[in-house]
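Participant: Before we start, here is the structure in question, set down as structure tokens.
There are 2 protein chains.
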Amino acid sequence: MSKLETKTWQGVRAEVQRRIRSRAWKPGDAIPFEADLAREFGCARATVNRALRDLAEAGLLERKRRSGTRVALHPTGRAVLDIPLIRKEVEAAGQAYGYELLSKALDAAPPHVVAGMERSDAAHLVHVVALHRADERPHVLEDRWIDPASVPDAATADFSTKSPNEWLLENVPFTRSELAIRALPADPDTAGSLDVAEGTAILTLDRATWLEGRPVTFVRLLHGADHVIRSSVTA
Amino acid sequence: MSKLETKTWQGVRAEVQRRIRSRAWKPGDAIPFEADLAREFGCARATVNRALRDLAEAGLLERKRRSGTRVALHPTGRAVLDIPLIRKEVEAAGQAYGYELLSKALDAAPPHVVAGMERSDAAHLVHVVALHRADERPHVLEDRWIDPASVPDAATADFSTKSPNEWLLENVPFTRSELAIRALPADPDTAGSLDVAEGTAILTLDRATWLEGRPVTFVRLLHGADHVIRSSVTA
DNA sequence: TCCGCAATTATGTCTGCACATATTTTCGAG
DNA sequence: CTCGAAAATATGTGCAGACATAATTGCGGA
Chain A
1 MSKLETKTWQ GVRAEVQRRI RSRAWKPGDA IPFEADLARE FGCARATVNR ALRDLAEAGL
61 LERKRRSGTR VALHPTGRAV LDIPLIRKEV EAAGQAYGYE LLSKALDAAP PHVVAGMERS
121 DAAHLVHVVA LHRADERPHV LEDRWIDPAS VPDAATADFS TKSPNEWLLE NVPFTRSELA
181 IRALPADPDT AGSLDVAEGT AILTLDRATW LEGRPVTFVR LLHGADHVIR SSVTA
Chain B
1 MSKLETKTWQ GVRAEVQRRI RSRAWKPGDA IPFEADLARE FGCARATVNR ALRDLAEAGL
61 LERKRRSGTR VALHPTGRAV LDIPLIRKEV EAAGQAYGYE LLSKALDAAP PHVVAGMERS
121 DAAHLVHVVA LHRADERPHV LEDRWIDPAS VPDAATADFS TKSPNEWLLE NVPFTRSELA
181 IRALPADPDT AGSLDVAEGT AILTLDRATW LEGRPVTFVR LLHGADHVIR SSVTA
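Below is the structure:
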């Protein structure tokens, strides 16, 4: 019937998206088979496949072998957070970036108990505390532990001018990382470093990273007042 | 030389990833052309293309036409947050889900000033406040505004048993949404509803959604004590 | 009736080939 | 020497066909 002749996978995706949004295909409905859509659109099945795969990745469709494809019941909201270097984040906001090393210890005790960070030799970590500034004002307090077993250079690295945040990203690969975002009240030390009142709500970002199952580093980023993590979703 | 014969795009991706992690290909380096890799791996160029495209999406590679492909300088940290239904989130944690409508107003004033939410007819919004519980304890306070111009059914919808969170997701499509995560101190009302002390650090999630440029809804989710947003990244 | 093996079938992926597109590079005109 | 058009080239995408894989279905035997 239709002489749509879409031909490009983006075109197919757009048309399918339109049918979902217009409720021609309702949530939970099964949609036509790839082969049928290919015939309708006048393109190859591979092209339809590419489009549907993309929409499935975006959470709009659910696909199962042999069963077919259906419109997702609850479009799984999915936000992509960019986690830039703190320096780049500050510079991108048009502010002057400043950095200051507050402390570095070689044989530090294990960090505060953190879910998902079961270290083997917890007694010999490198512990670095550093402050990132934006336009002279405290921006982020970086509280980092590094496992020297995974990162031998960490013990001798000079963190006085380049932050661990940046140094690690450039020098140490990782295979997996976990992220946890919390709202915590500022403890006295944190409050002092960030120049806020004790107990202030602090947006806290914990990240643990591993290389092939071995712990590499754990960092807690304590953000200054009114910090916002933003993300936009196009789906 | 190598008789790797990888054949599958996941295999190619794994091998390329290995070379990046082992620093055989260093950040900033250009890697071999698709055609060359295809010859080395003994597979079709399309297969290599699929693998490299996937790695580029993950932020490990940067590709430009005619220029070739190179290893990303700063593996762009990128976390994917799943934003599930609150009900599903609670149930997934093995807790009993409870829901209670606290208030519904038809011609509400515009919400607190929110960046990115410039409404046209700000004086006629539907305003719903509802509480989500987990095991009887307050879990999330949902503070939502809906634009009836975009969602006519919102005025008559019954939010006493099904949350706006869930109702909107099932009934209203959207094209774009923006997300902001903050840490805010609990104001008296919020503290009362969530059963926490006033001033407690609250993990706050603001989301604004549009359909083809028209505002649909704005919601502020105020999370109870110790709430954590988690995400794991495999790259 | 119930269980498990086998046929079925929709999606997943690979291949080889072709052409499109975006850059870079080259090279000639002024 | 400079500028701009034309050639070169790596990635992006499309096509048709084939086989792989995972569910589902249905059949047959106990």
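From first to last, the protein sequence lines are chains A and B.
Using full-length UniProt numbering, the letters of the first sequence correspond one by one to residues 1 to 235.
Using full-length UniProt numbering, the letters of the second sequence correspond one by one to residues 1 to 235.
No residue lacks a Cβ here, since even glycine has one placed at the ideal position from N, Cα and C.
Looking only at DSSP bridge pairs, what is S103/A linked to?
Facilitator: The residue given as residue 103/A occupies position 103 in the first sequence. Paired residues: V129/A.
Participant: Tell me whether P173/B is buried or exposed, calling it buried when 16 or more other Cβ atoms sit within 10 Å of its Cβ.
Facilitator: Sequence index remark: in the second sequence, residue 173/B carries index 173 (1-based). Classification for P173/B: buried.
Participant: Going by alpha carbons, who is nearest to L203/A out of D107/A, S193/A, P185/A?
Facilitator: The count along the first sequence starts at 1 and reaches residue 203/A at position 203. From the listed residues D107/A, S193/A, P185/A, the smallest Cα separation to L203/A is found for P185/A.
Participant: Pick out whichever of D153/A, E91/A, R87/A, H227/A has its Cα sitting closest to the Cα of L205/A.
Facilitator: Position 205 of the first sequence, counting from 1, holds the residue named residue 205/A. Considering only alpha carbons, the answer is H227/A.
Participant: Leaving out five residues on either side along the sequence, give the residues of the same chain with a beta carbon under 7 Å from the beta carbon of I20/B.
Facilitator: The residue given as residue 20/B occupies position 20 in the second sequence. Contacts found: L60, V71.
Participant: Compute the Euclidean distance between the alpha carbons of T47/B and W9/A, then round it to the nearest angstrom.
Facilitator: As a first step, residue 47/B is located in the second sequence; it is residue number 47 there, counting from the start. As a first step, residue 9/A is located in the first sequence; it is residue number 9 there, counting from the start. Rounded to the nearest angstrom, the two C-alpha atoms are 17 Å apart.
Participant: Since L224/A and P138/A are thought to touch, with beta carbons under 8 Å apart, how far apart are those beta carbons, to the nearest angstrom?
Facilitator: As a position in the first sequence, residue 224/A is number 224, starting the count at 1. As a position in the first sequence, residue 138/A is number 138, starting the count at 1. Contrary to the premise, residue 224/A reads as Gly rather than Leu in this sequence. Their Cβ separation, rounded to whole angstroms, is 5 Å, which keeps G224/A and P138/A in contact under 8 Å.
Participant: Assuming L211/B is part of the beta strand (DSSP E), what are its boundary residues?
Facilitator: Taking the second sequence and counting its residues from 1, one reaches residue 211/B at position 211. Where L211/B is concerned, the enclosing beta strand (DSSP E) stretches over 201-211.
Participant: In chain order, which continuous runs of the alpha helix (DSSP H) of length 4 or greater are located wholly inside the stretch 141-219 of chain B?
Facilitator: 164-171, 188-194
Participant: Cα-Cα, which of L102/B, A51/B, R45/B, D36/B is closest to R18/B?
Facilitator: What you label residue 18/B is simply residue 18 of the second sequence in a count that begins at 1. Checked all of L102/B, A51/B, R45/B, D36/B; the closest Cα to R18/B is A51/B.
Participant: Reducing DSSP to helix, strand and coil, say where V12/A ends up.
Facilitator: Here residue 12/A refers to the residue found at position 12 of the first sequence. Three-state result, V12/A: helix.
Participant: With 7 Å as the threshold, decide whether the Cβ of I146/B is near any Cβ in chain A.
Facilitator: Taking the second sequence and counting its residues from 1, the one referred to as residue 146/B is at position 146. No, I146/B lies away from the interface with chain A (no Cβ there is under 7 Å from its Cβ).
Participant: Threshold first: 4 residues or longer. Then list the alpha helix (DSSP H) segments lying entirely within the stretch 45-82 of chain B, N to C.
Facilitator: The qualifying runs are 45-57.
Participant: Just checking my contact of L222/B with D143/B at CB under 8 Å: how many whole Å lie between their CB atoms?
Facilitator: By one-based count along the second sequence, residue 222/B stands at place 222. By one-based count along the second sequence, residue 143/B stands at place 143. Indeed, because the Cβ distance is near 7 Å, the residues count as touching under 8 Å.
Participant: For R23/A, report the span of its beta strand (DSSP E) as first-last.
Facilitator: The residue you call residue 23/A lines up with position 23 of the first sequence. Where R23/A is concerned, there is no enclosing beta strand (DSSP E), given that its DSSP letter is neither H nor E.
Participant: Answer with yes or no whether the minimum CB distance from S232/B to chain A is below 7 Å.
Facilitator: To locate residue 232/B, count along the second sequence from 1; it is residue 232. S232/B counts as touching chain A.
Participant: Per DSSP, what are the beta-bridge partners of L85/A in this structure?
Facilitator: The residue you call residue 85/A lines up with position 85 of the first sequence. Answer by DSSP bridge pairing: none, since L85/A is not bridged.
Participant: What three-state label does DSSP hand V233/B in the structure shown?
Facilitator: Residue numbering aside, residue 233/B sits at position 233 when the second sequence is read from its first letter. The answer is strand: DSSP assigns V233/B an E or B state.
Participant: Applying the 10 Å Cβ sphere with the 16-neighbour rule, what's the burial state of F33/A?
Facilitator: Working through the first sequence from its first residue, we reach residue 33/A at position 33. Counting Cβ neighbours within 10 Å, F33/A comes out exposed, since fewer than 16 surround it.
Participant: For the alpha helix (DSSP H) that E136/B lies in, which residues bound it at each end?
Facilitator: Here residue 136/B is taken as the residue at index 136 of the second sequence, counted from 1. Neither: E136/B is in no alpha helix (DSSP H) and is coded neither H nor E.
Participant: Rounded to whole angstroms, what is the Cα-Cα separation between G28/B and A109/B?
Facilitator: Numbered from 1 along the second sequence, position 28 holds the residue referred to as residue 28/B. Numbered from 1 along the second sequence, position 109 holds the residue referred to as residue 109/B. Computed Cα separation, rounded: 53 Å.
Participant: Tell whether a beta-carbon distance below 7 Å holds between L211/B and T175/B.
Facilitator: Sequence index remark: in the second sequence, residue 211/B carries index 211 (1-based). Sequence index remark: in the second sequence, residue 175/B carries index 175 (1-based). At a Cβ-Cβ threshold of 7 Å, L211/B and T175/B count as neighbours.
Participant: Please look up how many angstroms separate the CB atoms of A155/A and V126/A, rounded, as I've assumed it's under 8 Å.
Facilitator: Taking the first sequence and counting its residues from 1, the one referred to as residue 155/A is at position 155. Taking the first sequence and counting its residues from 1, the one referred to as residue 126/A is at position 126. Contact holds; Cβ gap of about 6 Å.
Participant: Leaving out five residues on either side along the sequence, give the residues of the same chain with a beta carbon under 7 Å from the beta carbon of T190/B.
Facilitator: Within the second sequence, numbered from 1, the residue matching residue 190/B stands at position 190. Once the five neighbours on either side are set aside, the close Cβ partners of T190/B are L141, I202, L222.
Participant: Sorted by chain position, which residues of the same chain lie with C-beta nearer than 6 Å to I181/A's C-beta, five sequence neighbours on each side aside?
Facilitator: Sequence index remark: in the first sequence, residue 181/A carries index 181 (1-based). Once the five neighbours on either side are set aside, the close Cβ partners of I181/A are L205.
Participant: Skipping 5 residues on each side, what residues in its chain have a beta carbon closer than 7 Å to that of residue 236/A?
Facilitator: An answer regarding residue 236/A cannot be provided, because it is not within the stretch 1 to 235 covered by chain A.
Participant: Would a C-beta distance cut-off of 7 Å place A208/A and E170/A closer than the cut-off?
Facilitator: Numbered from its first residue, the first sequence carries residue 208/A at position 208. Numbered from its first residue, the first sequence carries residue 170/A at position 170. No, the pair does not count as a contact, with Cβ atoms beyond the cut-off.
Participant: Check each candidate in R220/B, S160/B, K7/B and name the one with the smallest Cα separation from E40/B.
Facilitator: Start at 1 with the first residue of the second sequence, and residue 40/B comes out as number 40. Checking every option, the nearest Cα to that of E40/B belongs to K7/B.
Participant: From which residue to which residue does the alpha helix (DSSP H) around D226/A run?
Facilitator: For the purposes of this step, residue 226/A is taken as the residue at position 226 of the first sequence. Looking at the DSSP string, D226/A is not in any alpha helix (DSSP H), and its letter there is neither H nor E.
Participant: Per DSSP, G98/A forms a beta bridge with which residues?
Facilitator: One-based indexing of the first sequence puts residue 98/A at position 98. R133/A.
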